[in-house]
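J.: Just so we're aligned, residue 1493 is where the sequence shown starts under my numbering, counting upward by one. Ideal Cβ positions, reconstructed from N, Cα and C, are used throughout, including at glycine. No experiment lies behind these values; they were computed from the predicted model shown.
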Amino acid sequence: PADDSSFDSHHGRTFAVVHGRRRTTAGRRGNQEGSVYQRRDGRWVAQVTDPSGRHVYRYARTRAEAAAKLTQALGAVADHLPLPSERETVGAFLLNWLETAARPSVRASTFVSYAGIVRLHLVPELGRIRLVRLSPADVQAMMNRKRAAGLSARRVDYLRAVLRRALNEAMRWGLVARNVAVLVRPPKGPTYEVRPLEVDEVRRLLRAVAGDRLEALFTLAVATGMRRGEVLGLRWQDVDLGAGVVHVRHALERFDGTYRLVEPKSSRSRRRITLPAMGVRSLRAHLMRQQEERELAASEWEDWGLVFATPLGRPMDASGVTHALNRHLKSAGLRRQRFHDLRHACASLLLAQGVNPRVVMEVLGHSQVSLTLNTYSHVIPALTADAAERMDAVLGSEPPGVATSNASPG
């Protein structure tokens, strides 16, 4: 509310006029109206009238704090939300958030991860604090304790990320006025250095996998940058070999020992990727090989419609695919890699070839082009050198003044 220096004395209390309205004894204050006043004991009070006509009071030490509480309460009334309770604890809110907001909106495996973070870390550390009183200092102290207890910087930042997501929901529900987790800096620690395979190394890997039943899988991973779950969840109905296109519509997930196809990681992850010729050739050969396996399996074949499946048509184990990758890397004399590093190799090769970062972002399914550039910043020096060479090619490489040095003075 705007600051207003007009005050009235009423029943031994000092009232502040808020939003240009003055409280009087005549008539009831309407819904979505409120006031801030100071009591004789020095405490400040924010008063708001809820839709039922009931007066609700929030107490504060300063006028600014009371005004913030009034704004928060008025916002809840305007949005037809229950007025935030000052007694609700962080723990009670987080447990409610898990069931009402997180469970319906994330994958089952992600929900299990969130629930573990909440119950093992956030509730024991912050659960007794009242939600409206949670401060950046509380979050920072929690993170410091976790680092001191031996958790990695990355793990501690994940705790902060889960809390940040939950508090974003609290803001939407009108329970808090700000997200204190956003105000805390992530912990410093060693970061994973992206060291993708270079051009010659990728060629050596592709030669090593030639003839393997999963040759097309590794070729597709390098050529398109698809995530492991996306590759393993690819169905033949999502592939158009004639047009040379694949559509990323699902990812394969294993949860509680059961495989299922789930939505991709984000809305951006649902994408259309144009295949290079090598990818189309590899998939055609793979389709023929799979048809032979299907005939051999006969009645034992389970038709999931998957492009990459076991010899009986069933979903493939993700860890088994990564083990197979490292066997081929070893046979090619290359260093160990995560499957995700093939995605990094794809992006690095595209950027190094001068492909627009926006296009690379679309191929990878990143949410923002800044994420693409920040992740693959190691490629930028080569790109800037190439940019300088291209500028020379356009403007000429003669040093300044050469063109005019032979001209007569005056």
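1. How would you call residue 1612, buried or exposed, if buried means at least 16 neighbouring beta carbons within 10 angstroms?
2. Which of the three DSSP states, helix, strand or coil, is assigned to residue 1527?
3. For residue 1609, name the three-state secondary structure that DSSP assigns.
4. Which same chain residues end up closer than 6 Å to residue 1742 when comparing Cβ atoms and leaving out the 5 residues on each side of it in sequence?
5. Can you check DSSP and say which residues form a bridge with residue 1547?
6. Could you tell me which whole beta strand (DSSP E) segments of length 3 or greater appear in the segment 1739 to 1783?
7. Just list the residues that DSSP pairs residue 1798 with in beta bridges.
8. Are at least three pairs of beta-carbons, each pair with one atom in the segment 1754 to 1773 and one in the segment 1607 to 1626, less than 8 Å apart?
9. Just verifying my parser: in three-state terms, what is the DSSP assignment at residue 1554?
10. Rounded C-beta distance between residue 1835 and residue 1856? I'm assuming under 8 Å.
11. So, for residue 1549: in the same chain, excluding its five sequence neighbours on each side, which residues have a beta-carbon less than 6 Å away from its beta-carbon?
12. With DSSP collapsed to three states, give me the class of residue 1535.
13. Buried or exposed for residue 1858, please, with buried defined as at least 16 other CB atoms from any protein chain shown within 10 angstroms of its CB.
14. By Cβ distance, which residues of its chain are closer than 6 Å to residue 1521, with the 5 residues on each side in sequence left out?
15. How about residue 1820 and residue 1697: are their beta carbons less than 8 Å apart?
16. Is it the case that the Cβ atoms of residue 1594 and residue 1631 are separated by a distance below 8 Å?
17. Assign residue 1787 to one of two classes, buried (16 or more other C-beta atoms within 10 Å of its C-beta) or exposed (fewer than that).
18. Candidates 1546, 1547, 1558, 1545: which alpha carbon is nearest residue 1531's?
19. Rounded to the nearest angstrom, what separates residue 1642 and residue 1814 at their Cα positions?
20. Measuring straight from C-alpha to C-alpha, what distance separates residue 1644 and residue 1678?
21. On the CB-based measure, 16 or more other CB atoms within 10 Å of its CB, does residue 1618 come out buried or exposed?
22. Which full runs of the alpha helix (DSSP H) of 4+ residues lie inside the segment 1614 to 1661, going along the chain?
23. Check each candidate in 1553, 1812, 1527, 1640 and name the one with the smallest Cα separation from residue 1800.
24. By the three-class DSSP mapping on this structure, what secondary structure does residue 1686 have?
25. Taking the alpha-carbon positions, what's the residue 1733 to residue 1727 distance?
26. Which of helix, strand or coil does DSSP assign to residue 1668?
T.: Well, looking at it:
1. Only exposed fits residue 1612, as fewer than 16 other CB atoms lie within 10 angstroms of its CB.
2. strand
3. helix
4. 1725, 1753
5. Beta-bridge pairing links residue 1547 to 1541.
6. 1743 to 1747, 1750 to 1754, 1763 to 1766
7. 1727
8. No, the segment 1754 to 1773 is not in contact with the segment 1607 to 1626.
9. coil
10. 7 Å
11. 1537, 1539
12. coil
13. Residue 1858 is buried by the Cβ-count criterion.
14. Low per-residue confidence applies at residue 1521: pLDDT is 45, beneath 50, and the placement is therefore not dependable, though the value from the model is reported in the following sentence. The answer, listed in chain order, is 1541.
15. yes
16. No Cβ-Cβ contact shorter than 8 Å links residue 1594 with residue 1631.
17. exposed
18. Of 1546, 1547, 1558, 1545, the residue nearest in Cα terms is 1558.
19. Rounded to whole angstroms, the separation of the alpha carbons of residue 1814 and residue 1642 is 29 Å.
20. Straight-line Cα distance between these residues: approximately 12 Å.
21. Only buried fits residue 1618, as 16 or more other CB atoms lie within 10 angstroms of its CB.
22. Counting whole runs of 4 or more residues, the segment 1614 to 1661 contains the alpha helix (DSSP H) stretches 1615 to 1618, 1628 to 1640.
23. 1812
24. Here residue 1686 sits in coil by DSSP.
25. 12 Å
26. The answer is coil: DSSP assigns residue 1668 none of H, G, I, E or B.
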